[in-house]
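Protein chains in written order, with this note's numbering: chain X, 240 to 319; chain F, 240 to 319.
The C-beta atom is built at its ideal place from N, Cα and C for all residues, glycine as well.
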């Protein structure tokens, strides 16, 4: 079972990396860009085949290591 | 219109950051982790409201700046 995890900065947290991308896109001639936010995307392959157990495991992984819960949110989906 | 872009390393490209996460998860007591791959997740808010035009714009953004096409793949979805 594979978990696809998206980790994003919470609203209101400054995102200088996203700002840099926005400026770079502007320099390349792209217009009408209102905001850019950069996050992380992590794929985890698990041996676990039970969906409930896998969901619980990935939830704990995110809380304990992958996401900084003070400034980041996470969301994930499981695919078989 | 908002674009949610996932950028991942191509198969076969070494991912030391993913490996580090895998080892850290192992140290924390998580078992049965077969592979971890880290990618990037970028959200772009566009003023563009036409879906076809937005799709074309985001495609060009990915090819020209966001993804390194030699070692990375990208995929995105548009939400209104």
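Chain-ordered chain F contacts of residue i [CB-CB under 9 Å]
i	result
residue 245 of chain X	243, 245, 280
Short Cβ contact (8 Å threshold) for residue i with residue j
i	j	result
residue 301 of chain F	residue 260 of chain F	no
residue 284 of chain X	residue 311 of chain F	no
residue 280 of chain F	residue 319 of chain X	no
residue 304 of chain F	residue 240 of chain F	no
Contact list for residue i against chain F, beta-carbon separation under 7 Å
i	result
residue 300 of chain X	264, 269
Contact list for residue i against chain X, beta-carbon separation under 7 Å
i	result
residue 289 of chain F	Near residue 289 of chain F there are no residues of chain X at all, since even the closest Cβ is about 11 Å away, more than 7 Å.
residue 274 of chain F	284
Rounded straight-line distance, which links the Cα of residue j to that of residue i
i	j	result
residue 251 of chain F	residue 282 of chain X	15 Å
residue 276 of chain X	residue 314 of chain X	15 Å
residue 254 of chain F	residue 278 of chain F	9 Å
residue 299 of chain F	residue 292 of chain F	11 Å
residue 295 of chain X	residue 267 of chain F	15 Å
residue 289 of chain F	residue 258 of chain X	24 Å
residue 264 of chain X	residue 262 of chain F	35 Å
residue 256 of chain X	residue 256 of chain F	18 Å
residue 297 of chain X	residue 249 of chain X	20 Å
residue 272 of chain F	residue 272 of chain X	39 Å
8 Å Cβ cut-off: residues of chain X touching residue i
i	result
residue 303 of chain F	267
First through last residue of the beta strand (DSSP E) which encompasses residue i
i	result
residue 244 of chain X	241-248
residue 320 of chain F	One cannot answer for residue 320 of chain F here, as it falls past the ends of chain F, which runs 240 to 319.
N-terminal and C-terminal residue of the alpha helix (DSSP H) that residue i is part of
i	result
residue 262 of chain F	255-266
residue 287 of chain X	Looking at the DSSP string, residue 287 of chain X is not in any alpha helix (DSSP H), and its letter there is neither H nor E.
Residue environment, residue i, which counts as buried when at least 16 other CB atoms sit within 10 Å
i	result
residue 270 of chain X	exposed
residue 242 of chain X	buried
residue 306 of chain X	buried
residue 287 of chain X	buried
residue 309 of chain F	exposed
Residue-level contact to chain B via CB, residue i, 8 Å cutoff
i	result
residue 260 of chain X	In summary, chain B is missing from the structure at hand, where the protein chains are X and F.
Chain X residues whose Cβ lies nearer than 9 Å to that of residue i
i	result
residue 319 of chain F	Within 9 Å Cβ-Cβ: nothing; residue 319 of chain F doesn't reach chain X, min ~14 Å.
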